[in-house]
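This report refers to the structure that appears directly beneath it.
In the UniProt record's numbering, the protein residues as written are 1 to 319.
Here you go:
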């Protein structure tokens, strides 16, 4: 069993070393590390070549044009030779035992086509792990079907969204079914790919171990925006991706699956409203708040709840 790790980079010269090093130092060495530069306009390409010049496992590739994470990942998949494909974003990292843990899951379940593990949240400002998603009580013990996956992607703000997971795929399954990341999407591409895989009959399991280190946009400890994360908030794009998914077979025409997609859309819309409210208040964007309230009546209730919660926090600090 061999792993090809694909690491897309774009304007990552100042921080890619952490991600690269985390793969190089895996307790189970990857078969190859494919670093794919998405036509960065800075010195990212030269930097990653310098950082990896002494590692024979590394191949540095470049996309034919700047096309976003999906194109970069697909470029890596097309050049990969390992049995399994693992993805790592340049602003994230692997815990040292990630590949070893996933290999154990695969060996114990040789019929699997896709595996994933939990996320550990990383505060770049404080350089610490601040928490983890999933947990053993929230992960089914057996194979996870399409309906199970969708039930864990409703974006309700209370439970972890499995659309954020970074699954690892059997390369032969991808190739024999011509499945790739959606190049038209720059947000939510992991969710769409998983729907394509599960709709094609992929067998999927999740380990609750939080071994993918996901960099937070704002640190839970430092309370500072991360200077390295390239993750942006684009709920509108995620909603569009979910709407597109509702037309995919076997979702289209299945009332239960269509309801789960609708729940995801509703959950993402609420998260979008909450994010818009916090930004608009900081910027004193009164007209924006009014327009949102007219367009989405439910926004008024959310704004009231958030305002009350902020007032309570302020009073608690004073008291």
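Idealized CB from N, CA, C, for every residue including glycine.
Quick caveat: nothing in here was measured; it's all calculated off a predicted structure.
Among the bridge pairs identified by DSSP, residue 119 is matched with 212. Comparing alpha carbon positions, the residue from 104, 138, 216 closest to residue 122 is 216. The beta carbon of residue 42 sits closer than 8 Å to the beta carbons of 11, 13 from its chain, once the five residues preceding and following it are set aside; these are given in chain order. With contacts defined as CB atoms closer than 8 Å, residue 33 and residue 7 qualify as a contacting pair.
DSSP, reduced to helix, strand and coil, places residue 78 within a helical segment of the structure shown. For residue 74, the number of other beta carbons within 10 angstroms of its own is at least 16, and it is reported as buried.
Counting C-beta pairs with one atom in each stretch, the segment 180-199 and the segment 91-103 have fewer than three that are closer than 8 Å, which means they do not touch.
Secondary structure of residue 8 (DSSP, three-state): strand. In the DSSP assignment, residue 169 falls within the beta strand (DSSP E) that extends over 168-170. Within the segment 150-201, complete alpha helix (DSSP H) segments of at least 4 residues are found at 171-176, 189-199, given in chain order. The criterion of a C-beta distance shorter than 8 Å is not satisfied by residue 305 and residue 299. Annotation: the segment 15-87 contains the following complete segments of the alpha helix (DSSP H) (minimum length 4 residues), in chain order: 16-24, 44-52, 68-79. The alpha carbon of residue 162 has as its nearest neighbour, out of 212, 71, 126, 79, the alpha carbon of 212.
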